[in-house]
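Enquirer:
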Amino acid sequence: MITAWPAATAAAILAFGSAGAFAWGNQGHQVIASVAAENLSAPAKRSLHNLLAAAGPDATVESLAIWPDTNKSPATARWHYVNIDRAGACHYVPARDCKDGQCVVEAVTRQMAVLSSAAPAADRARSLAYVLHLVADAHQPLHAGWSDDRGGNQFQLQAFGRGTNLHALWDTGLIEHWNDAGSLKSAVSAASRRPTLPASATPAQWVEESCRLVATPGFYPDAHRLPADYATRWQPVMVERMGLAAARLSAILEAALAGPDAAAAR
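Heads up: the sequence shown runs through residues -23 to -1, 1 to 243, numbered per mature numbering (1 follows the signal peptide of the UniProt record, and there is no 0).
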């Protein structure tokens, strides 16, 4: 167990269940992390293996990827999203949208800095968990949605025969009702190899991309009821966002874990 982490961290890392809906759901986070790890070079994979060992004897990229959701606290809850003013045309303004640096954009930047540093392995392993998770969060459109409805949490609708909200639909509903013949991981893996946007974009650009999807006509269902063709239209977009998250996550991990600074730190 990593003594620098909160008590019972080792057990929490392995707890895949959760009571609430999280960005992409557990399955989505695990798929993104797994695809990103598989795309790493051999040196980066070795460094990743060493950090997983520091996280605990049974830690995996999939278990670390959901750890930040199963261990949210008042101090970290705002790290998972950024709410953007609807009048801001999806332009991220830190002073307005990320007060005191408490949002996904700045949290990713801080955790990337620790992961790439010569910090102790336990600290870098904890930052690895946040990087695995928060990069994915930033690519879920409603984790960069409008502030006036809390990223779709307050937009109620009927979907798949039950009441829900738009945020939960994108967190888990579209994944649970995956209607493609192939596996979700295969689709995300293929999308990660043909990213539709530059892998070099910054976290601020990631959330602006997500916000622009939220602003697209038809993203919010009319009459608060899911149209019959909603999944057909938006599931491919979901897969593109997940694939892009995996590609960008892989690039970040490659730079942090296979570069000369990381090698010196190990």
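Each residue gets a CB set at the ideal place from its N, CA and C atoms; glycine is no exception.
Taking the alpha-carbon of S227 as reference, which of D199, S50, L41 and A176 has the nearest alpha-carbon?
Expert: By 1-based counting over the sequence shown, the position of residue 227 is 250. Answer by Cα proximity: A176.
Enquirer: Beta carbon of A106, beta carbon of P180: below 8 angstroms?
Expert: Counted from its first residue, the sequence shown places residue 106 at position 129. Counted from its first residue, the sequence shown places residue 180 at position 203. Contact flag unset, no.
Enquirer: Along the alpha helix (DSSP H) that carries R218, what are the first and last residues, could you check?
Expert: Counting from one through the sequence shown, the residue named residue 218 turns up at place 241. That run of the alpha helix (DSSP H) goes Y207 to A235.
Enquirer: Let me make sure I understand the geometry here. Which of L146, R23, D74 and E186 has the alpha-carbon closest to that of P198?
Expert: Numbered from 1 along the sequence shown, position 221 holds the residue referred to as residue 198. Closest by alpha carbon: L146.
Enquirer: Closest by CA to E15, which one among D74, H68 and E39?
Expert: Numbered from its first residue, the sequence shown carries residue 15 at position 38. E15 has its Cα closest to that of E39, out of D74, H68 and E39.
Enquirer: For the candidate residues K162, A32 and S124, whose alpha-carbon lies nearest to that of P213?
Expert: Indexing the sequence shown from 1 puts residue 213 at position 236. That would be K162, whose Cα lies nearest to the Cα of P213.
Enquirer: Could you tell me the boundaries of the beta strand (DSSP E) in which A136 lies?
Expert: Along the sequence shown, one-based indexing puts residue 136 at 159. It spans Q133 to A136 - the beta strand (DSSP E) in which A136 sits, taken as one unbroken run.
Enquirer: Tell me, please, which residues DSSP counts as bridged to T141.
Expert: Mapped onto the sequence shown, residue 141 falls at position 164. Note: T141 sits in a beta bridge opposite L134.
Enquirer: Between which residues of its own chain and C75 is the CB-CB distance below 7 angstroms, once the five residues before and five after are set aside?
Expert: Residue 75 sits at position 98 when you count from the first residue of the sequence shown. Excluding positions up to five away in sequence, the list reads V59, V82 and E83.
Enquirer: Could you say which of I152, L25 and Q135 lies nearest to A200 if we only look at CA atoms?
Expert: Within the sequence shown, residue 200 is the residue found at index 223, counting from 1. Comparing Cα-Cα distances from A200 to each of I152, L25 and Q135, the minimum goes to Q135.
Enquirer: Inspect the beta-carbon positions of E185 and C67 and report whether they are closer than 8 angstroms.
Expert: On the sequence shown, position 208 is the one that residue 185 refers to. On the sequence shown, position 90 is the one that residue 67 refers to. Closer than 8 angstroms, so yes.
Enquirer: List the whole-angstrom C-beta distance separating I9 from A168, where the pair is believed to meet the contact cut-off of C-beta under 8 angstroms.
Expert: Within the sequence shown, the letter at position 32 stands for residue 9. Within the sequence shown, the letter at position 191 stands for residue 168. Actually they do not touch by this definition, with Cβ atoms about 10 angstroms apart.
Enquirer: Considering only their Cβ atoms, is the gap separating L230 from A36 smaller than 8 angstroms?
Expert: Translated into positions along the sequence shown, residue 36 becomes position 59. Translated into positions along the sequence shown, residue 230 becomes position 253. Result no, Cβ atoms of A36 and L230 do not sit closer than 8 angstroms.
Enquirer: Select from L111, N142, T193 and Q133 the residue whose C-alpha is nearest the C-alpha of Q7.
Expert: Position 30 of the sequence shown, counting from 1, holds the residue named residue 7. The shortest Cα separation from Q7 among L111, N142, T193 and Q133 belongs to L111.
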